Structure formats: C-alpha cells, structure tokens
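The structure under discussion appears below in the form of structure tokens.
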Amino acid sequence: RRPATEQSDLLTFFELDVESYDDIQSQTIFRIFGVTEVPVLIAKNQNENTVMLTVKDFYPYFYFPAPSGFESSLHLTSLKNALNVHFASSLSFLDNLSRHSRGASVHSLETTTGTSIYGYSDHKDLLFIRVNCTSQTYLNASKKLVESIGFQFEQFPFMTYPTYESNIPVVMRFMIDLRM
C-alpha cells in the first residue's frame, strides 16, 4: 500500500465500510474503510489510496423521559452516579459483560426537550435525559436497566422508564450523527 502523497487537514474519501468494536477499556471504536478516489470498475486508478480511519470518543446513546420534578442543575450528577451504581450491582443479571472492565457504564448525561410520538401527548414538550454510554455493550445493558430492571435515585421512586432511540444500531447511529 502506498502512503498518501498530499498532506492536508482535510481527507476526502469514498467510504466503503464502517465497523465498530469495543476495545479493552470498554470504549467503542469505529473504523471506516475506503479509498481516496471513486473506484473505476474497468481499471484501477493510479492515484487511488486505501484508507482506514479510526474514530474514538463517539458515545452511543439513548433517551428516557425525566421524572416529574427533575431539574438538570440539581439532579444530573446524582442520576449519573445512581445509574452507574445500579448498573454495577445488576451485572450479575446481565449477559455478555464478563470480558469488559467494570468501569462506569454511563459516560455523561444531558437533558433536552422534545415530543414523544408514542400515544397522545397533546404535543407538549417533555424533558428527556440523554444517556451517553461508554460502549455499545453498555448501551444495551443500560437500556435494559432503565426499561426492565429499574432504579432509584434521590427522592425519586424506584421505577422503570421507556427508552427512545435505543434500538438504532450503533454503526447506523454513528453514520446518521456524522451525516455519512
């Protein structure tokens, strides 16, 4: 394989494939494979270089509705801590996590407003919590914790919450968010 000859901050290439995996620190890594020129079926272009781009620091995520009385400035940090504690204590009930480190499952939390398209909601904006997970494996397990197992934090009762955008495959979510 020949190295690319031009040095530039901008690399434009024809993307052929995207894959993801979790590294040993339980962080999701994306690899994008492609070529610098659009391939011609008849003859190989002499200026064509194969490319593999590695992307880190994209955190898979999902949303769930904030409980009544939730305030971002007061409760976001304690909710993140509670999710990580409940997740760690429920590991014995979750499958396929033995190869991962026992680090935090939730990287960060954010709040946003939106309207649920499920059922009749009078089109009122609701407060949603975006859960950014450290890896794609933790995304599925955290979703199960929020939807099925349930958790409690501060003065809010122990309960489960419906999740939103949690069934979108991680590679597709990555490509949609980066407009690929």
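For the sequence shown, the positions run 3 to 182 when the numbering used here is used. Cβ atoms here follow ideal geometry from the backbone N, Cα and C, with glycine treated the same way. Bear in mind the structure is a predicted one, so any value in this text is a computation, not a measurement.
| Query | Result |
| --- | --- |
| Return the chain-ordered ranges of every alpha helix (DSSP H) run that is complete within the segment 132–177 and spans a minimum of 4 residues. | 138–146 |
| Using the Cβ count rule (16 or more neighbours within 10 Å means buried), how would you classify Ile-131? | buried |
| Anyone know if the C-beta pair for Thr-162 and Ser-150 falls short of 8 angstroms? | yes |
| Would you decide whether Thr-165 is buried or exposed? Buried here means 16 or more other CB atoms lie within 10 Å of its CB. | buried |
| Just curious, the beta strand (DSSP E) that Phe-66 is in, first and last residue? | 63–67 |
| With a CB to CB cut of under 6 angstroms and the five nearest residues on each side skipped, what residues in its chain are close to Phe-95? | Note on Phe-95: pLDDT 47, under 50, position unreliable in the model; the coordinate value appears next. So the list is empty, once near-sequence residues are dropped. |
| In whole angstroms, what separates the C-alpha of Pro-171 from that of Phe-32? | 13 angstroms |
| For my contact list, Val-108 and Asn-86 are in at a C-beta cut-off of 8 angstroms; report their separation, rounded to the angstrom. | 5 angstroms |
| Report back the beta-carbon spacing between His-77 and Phe-153 to the nearest angstrom; my notes put them in contact at under 8 angstroms. | About 13 angstroms; that fails the 8 angstroms criterion. |
| I need the boundaries of the alpha helix (DSSP H) containing Phe-89, first residue and last residue. | 74–91 |
| Hey, Gln-29 and Lys-58 are a contact pair by Cβ (cut 8 angstroms); roughly how many whole angstroms apart? | 7 angstroms |
| Ignore the nearest five residues each way along the sequence and tell me which others in Tyr-140's own chain have a CB closer than 6 angstroms to its CB. | Ser-107 |
| Run the CB neighbour count on Leu-81, radius 10 Å, all protein chains shown included, and call it buried at 16 or more, exposed below. | buried |
| Taking 8 angstroms as the cut-off, decide whether the C-beta atoms of Glu-50 and Val-37 are in contact. | yes |
| Taking the Cβ atom as the reference point for each residue, do Tyr-61 and Asn-169 lie within a distance shorter than 8 angstroms? | no |
| Val-173 to Ser-70, Cα distance in whole Å? | 33 angstroms |
| Can the beta-carbon of Leu-129 be found closer than 8 angstroms to that of Thr-117? | no |
| Which partner residues does Phe-60 have in the DSSP bridge list? | DSSP lists no partner for Phe-60. |
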